[in-house]
Each structure stands twice: as C-alpha cells, then as structure tokens.
Amino acid sequence: MADETLDKDQEDSPSRAENAEAHATPLSPGPKQDWVDDLQICLMFLTRFPVPGGLAISTPSLAQASRFFPIIGVLVGVIGAIILAIADQLGVPQGASIILAITAIVISTGGLHEDGLADTADGLGGGSDKEHRLEIMKDSRIGAFGVLALSLTIGLKWTGLAALSIGGAALAIFMGAVISRGVLPLFMRYLPLAKDDGLSADAGQPEFDRATISVVLTVLVAFIGLGFWLTVGLAIVLAIVTAAMAVWVKWKIGGQTGDVLGAFQQVTEISTILTIAAVGLS
323 MADETLDKDQ
333 EDSPSRAENA
343 EAHATPLSPG
353 PKQDWVDDLQ
363 ICLMFLTRFP
373 VPGGLAISTP
383 SLAQASRFFP
393 IIGVLVGVIG
403 AIILAIADQL
413 GVPQGASIIL
423 AITAIVISTG
433 GLHEDGLADT
443 ADGLGGGSDK
453 EHRLEIMKDS
463 RIGAFGVLAL
473 SLTIGLKWTG
483 LAALSIGGAA
493 LAIFMGAVIS
503 RGVLPLFMRY
513 LPLAKDDGLS
523 ADAGQPEFDR
533 ATISVVLTVL
543 VAFIGLGFWL
553 TVGLAIVLAI
563 VTAAMAVWVK
573 WKIGGQTGDV
583 LGAFQQVTEI
593 STILTIAAVG
603 LS
C-alpha cells in the first residue's frame with residue numbers, strides 16, 4: 323500500500339502536490355537527469371519537504387536518483403537528532419524526548435515507511451496466498467497485524483534509544499536514518515518485483531553504479547560515526563536480518579513492492595538502533 327499511499331500523500335500534502343505533474347508521467351530513466359535532479363527527486367519522493375522551484379525534468383527516474391538516498395537519511399537523521407538534543411536541553415525527560423524525535427522524523431517523511439511496514443504486516447500476516455496478500459496490502463485500512471507491527475516498531479526504537487545516553491541516542495537516530503535509506507537501492511536492484519504495477523515497478527531497478535554509490539556513501543558515514551569494527555559488526559547483523567526478510571517476502575509474495583521497501587527501511591533502522599544500543603555506545 324505504500325504504492326498507493328505515496329500517491330495519496332502527494333495529493334494530500336501541499337508540498338508534494340506542487341509536483342503533481344512530475345508524478346503524472348511514468349518514472350522512466352531521464353537522459354538529462356543530473357545530480358541536482360537526483361537530489362530533488364529524492365527529496366520529493368522520500369520526504370514532505372517542498373522541492374525548490376519544482377523539478378526541471380518531466381520524466382524523473384527514482385531508480386537513477388536512488389544513489390542519493392543516504393543524503394535524505396542525513397537530512398532526516400539530523401532533524402531527529404536535533405529535536406532530541408533540544409528537548410533534552412529544555413529539561414524534557416529522555417523518554418519523552420525520544421518520542422518527540424521519532425515523531426519529528428515521521429512528520430518529515432509523512433510516515434511513508436511506517437505505512438509500508440503496516441501494510442506489509444497486514445498482507446503477509448493475513449493473506450492466504452500471493453494474490454490475497456497483495457490485495458490486502460492495497461487496502462487503505464490498517465489491520466491487526468499492521469497495528470501490532472507499528473506498536474512493536476515504536477517500542478523497539480524507544481527501548482533501544484532509552485538505553486543510551488542522549489549523545490548516544492542522537493547518534494543512533496542519525497545512523498539509523500542514514501543506513502536504513504542507504505541500503506534500499508540494493509533491495510530495489512536485486513529483489514524481484516512482486517507485481518507489474520505500483521511504486522517499485524514504476525521506479526525500476528537502479529543500475530549497479532547507482533546502488534554502489536548509495537552503499538559507498540552509507541559506509542563512509544558509518545565509518546565516521548561508528549568506527550571500523552562497529553560498522554563491520556553492524557553490516558553482518560544487517561546482512562543476516564535483511565537476507566532473512568528478503569527470503570520471507572519472496573516466499574510470501576514473490577518479491578518487492580513499495581510497501582515491502584518501506585518495511586525493509588523500518589526493519590533496517592530498528593536493527594541499527596538496537597545494535598548500537600547493545601554495544602552501549604555513548
């Protein structure tokens with residue numbers, strides 16, 4: 323349902339409505355799409371922030387722009403970390419400060435990935451076969467599995483962040499936002515499509531160099547923020563978790579959808595936060 327939810331968010335959100343013309347055109351590779359276009363496309367699709375001046379191209383390619391997914395992660399992560407720090411400086415209890423930081427991130431992205439997680443949970447948990455699961459994921463109503471998934475997501479994030487100092491929690495929020503978005507192009511490229519329509523099908527599969535740039539940028543940020551050994555350890559954890567999830571969704575629905583990508587982002591973010599919390603980084 324992130325496939326449909328993205329379109330609904332664009333209609334409901336003034337910032338995205340300004341770019342409605344861009345969405346009316348199929349997302350095919352644009353030969354003149356440069357790095358500025360890539361950044362604008364990422365900003366338009368992954369956040370609620372307006373694109374200054376609108377897009378300069380009529381056929382934006384999300385797959386081509388995916389090389390800058392971690393840049394959006396930096397933006398979102400900085401917002402969450404700053405809100406956490408400000409709330410702490412104002413004397414807000416740490417638990418409440420964490421909730422405010424999580425809320426700020428959700429507002430910044432329009433809850434895009436959380437919606438995908440909820441829809442994926444409803445479909446995989448409630449469907450009897452592939453077609454039924456995909457049909458459930460297209461339903462705009464949230465079900466019991468979706469509510470449970472969102473509750474567990476918020477609870478796990480909060481628990482991991484609360485176990486850290488304010489500085490450690492701010493770093494975990496930032497790294498979770500960057501890493502979880504930076505690895506998405508890998509899933510877009512290597513996980514087959516579950517259906518022929520929707521966001522994932524329209525976006526297409528990133529070329530090898532685009533996915534590689536995204537991963538390299540993500541690894542560089544991780545090395546700087548976490549150090550070599552924690553980055554290596556985290557990479558192992560994420561490889562195991564995401565590989566298991568990839569096998570599961572391929573078995574259940576045949577591959578990826580926009581909803582599934584949102585679920586991957588959330589699971590990767592949670593895994594990053596909990597790994598940092600387990601190490602006790604301050």
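Residues in the sequence shown are numbered from 323 upward in steps of one, following this note's numbering. No residue lacks a Cβ here, since even glycine has one placed at the ideal position from N, Cα and C.
Cutoff 8 Å: residue i Cβ touching any chain D Cβ
i: Q527; result: Among the protein chains of the structure shown there is no chain D, as only one such chain exists.
Residue j beta carbon less than 8 Å from that of residue i
i: L446; j: L596; result: no
i: L406; j: I495; result: yes
i: V569; j: V582; result: no
i: R503; j: I394; result: yes
i: A516; j: T579; result: yes
i: P514; j: G577; result: yes
i: A378; j: P528; result: no
i: L560; j: S536; result: no
i: L506; j: G547; result: no
i: V601; j: V543; result: no
i: D359; j: P382; result: yes
i: L456; j: I575; result: yes
i: D451; j: F467; result: no
Three-state secondary structure assigned by DSSP to residue i
i: Q578; result: strand
i: L377; result: coil
i: P348; result: Below a pLDDT of 50, predicted positions are generally treated as unreliable, and P348, at 41, falls in that range; the measurement from the model is reported next regardless. Three-state result, P348: coil.
i: L515; result: strand
i: L539; result: helix
i: I464; result: coil
i: T283; result: The chain is shown only over 323 to 604; residue 283 falls outside these bounds and no answer can be derived.
i: L317; result: No statement about residue 317 is possible, as the shown extent of the chain runs from 323 to 604 and does not include it.
i: D329; result: Here D329 scores only 45 on pLDDT, less than 50, and its place in the model should not be relied on; the value that follows carries that caveat. D329: helix per DSSP, three-state reduction.
i: D410; result: helix
i: S430; result: helix
i: S383; result: coil
i: Q527; result: coil
i: G438; result: helix
i: G602; result: coil
i: P392; result: helix
i: G417; result: helix
i: Q588; result: helix
i: S450; result: coil
i: D356; result: coil
Neighbourhood of residue i by C-beta, 7 Å cutoff - its chain only, sequence neighbours within 5 removed
i: G585; result: A small correction: the amino acid at residue 585 is Ala; Gly does not occupy that position in the sequence shown. Closer than 7 Å at Cβ, skipping near neighbours: G438, L439, T442.
i: F545; result: T553
Own chain partners of residue i with C-beta closer than 8 Å, once the 5 adjacent residues on each side are dropped
i: Q416; result: D410, A484, I488, A491
Same chain, Cβ closer than 6 Å to residue i, neighbours up to 5 away in sequence not counted
i: L539; result: P392
i: T475; result: Q588
i: V398; result: I427, S430, A499
i: G526; result: A385
i: R463; result: none
i: G413; result: none
Could you name each continuous beta strand (DSSP E) segment of 3 residues or more that falls completely within the region 481 to 514, going from the start of the chain to the end?
none
For the region 544 to 575, which segments carrying the alpha helix (DSSP H) assignment without a break, of at least 4 residues, lie completely within its bounds, in sequence order?
550 to 575
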